[in-house]
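Residue numbers (our numbering): 167 to 320. Reviewing the structure listed below.
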Amino acid sequence: MRPIAEQTILVTGATDGLGRQVALDLAEQGATLILHGRDHPRGAEVLADVHRAAGHERSTLVLADLSSLDEIRRLAAEVEDGFARLDVLVNNAGLGGTPDRRESGDGHELVLAVNYRYYDGLEESTAGPQAYDADSRRRLWTLSEELTGARFEL
Ligand SMILES: NC(=O)c1ccc[n+]([C@@H]2O[C@H](COP(=O)([O-])OP(=O)(O)OC[C@H]3O[C@@H](n4cnc5c(N)ncnc54)[C@H](OP(=O)(O)O)[C@@H]3O)[C@@H](O)[C@H]2O)c1
């Protein structure tokens, strides 16, 4: 396995909470981060912190609302086209449930849409040959498994 300082790691939901802290911890170890957010000013603030923590400016910000399938596809294409390698995908972006059912713009239950659905698009896009090399295997860390409180209509 490559040293962290030689790895490129995509962290979804890097603008707050666990995702932000994971990104900063990895940056302190020298990793190159692809930081995902959905708000440019907040993402730019985290990117500046990551640059300071890493001591280099190789990291990048990408933006997408992960409740939208179109946005997920666009982000997947951006990652596939824009980055030569990806060692780790940290599936962190997510939200908690509420007593009332909420739906994404695509008409899916919101917690299910955000905490689970986006994996498919991102994982497929990052599973191509460019994600691998002779001594490295892409790894997935999944933090956003929370489904408590999601309201289903079965
Ligand atoms: N904290 C816990 O006790 C706990 C327990 C079990 C599971 N988890 C899971 O761990 C993950 C992180 O939790 P946390 O407490 O750090 O959450 P958090 O502070 O609320 O951060 C969640 C991150 O996900 C992003 N996000 C939410 N909805 C999004 C959307 N539609 N499109 C793009 N990004 C979106 C948020 O972006 P914005 O900043 O733009 O809102 C934020 O960056 C979540 O998936 C959560 O379900 C947490």
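All C-beta atoms, glycine included, are put in the ideal place defined by N, C-alpha and C.
What is the DSSP secondary structure of residue i, reduced to helix, strand or coil?
i             : result
histidine 274 : coil
leucine 232   : coil
leucine 288   : helix
aspartate 182 : coil
proline 169   : coil
glutamine 195 : coil
alanine 250   : coil
aspartate 205 : coil
Who are residue i's beta bridge partners in DSSP?
i             : result
glutamate 269 : Glu275
threonine 226 : Ile200
leucine 176   : Ile200 and Leu255
Run the CB neighbour count on residue i, radius 10 Å, all protein chains shown included, and call it buried at 16 or more, exposed below.
i             : result
histidine 202 : buried
alanine 180   : buried
alanine 220   : buried
arginine 186  : buried
glutamate 275 : buried
alanine 230   : buried
aspartate 253 : buried
glycine 260   : buried
proline 295   : Because proline 295 sits at a pLDDT of 42, beneath the cut-off of 50, its placement in the model cannot be relied upon, and the following sentence gives the value as read from the coordinates. When all chains shown are included, proline 295 counts as exposed.
alanine 279   : buried
leucine 193   : The question names leucine, yet the displayed sequence has alanine at residue 193. With 16 or more Cβ atoms within 10 Å of its Cβ, alanine 193 is classed as buried.
Which one of the options has the shortest CA to CA distance from residue i?
i             : options                           : result
glycine 183   : Gly209, Thr174 and Glu194         : Gly209
serine 270    : Asn258, Ile238 and Ala250         : Ile238
aspartate 247 : Asp272, Leu288, Gly196 and Gly273 : Leu288
valine 256    : Glu223, Thr174 and Gln195         : Thr174
arginine 218  : Leu232, Gly196 and Asp236         : Gly196
alanine 250   : Leu199, His206 and Met167         : Leu199
glutamate 223 : Thr178, Leu241, Ala171 and Gly273 : Ala171
valine 177    : Asp266, Arg204 and Arg268         : Arg204
threonine 226 : Ser234, His206 and Arg268         : His206
Assuming residue i and residue j form a contact by the criterion Cβ under 8 Å, report the distance between their Cβ atoms to the nearest whole angstrom.
i             : j           : result
valine 245    : glycine 263 : Incorrect: roughly 28 Å between the Cβ atoms, too far for contact.
alanine 189   : valine 212  : 7 Å
aspartate 272 : leucine 235 : 5 Å
Quick one: does the C-beta of residue i sit closer than 7 Å to a heavy atom of ligand 2?
i             : result
threonine 174 : Ligand 2 is absent from the structure shown, which contains only ligand 1.
Looking at the C-beta of residue i, does it have a partner C-beta in chain D at a distance below 8 Å?
i             : result
glutamate 172 : This model lacks chain D altogether, as it is built from one protein chain only.
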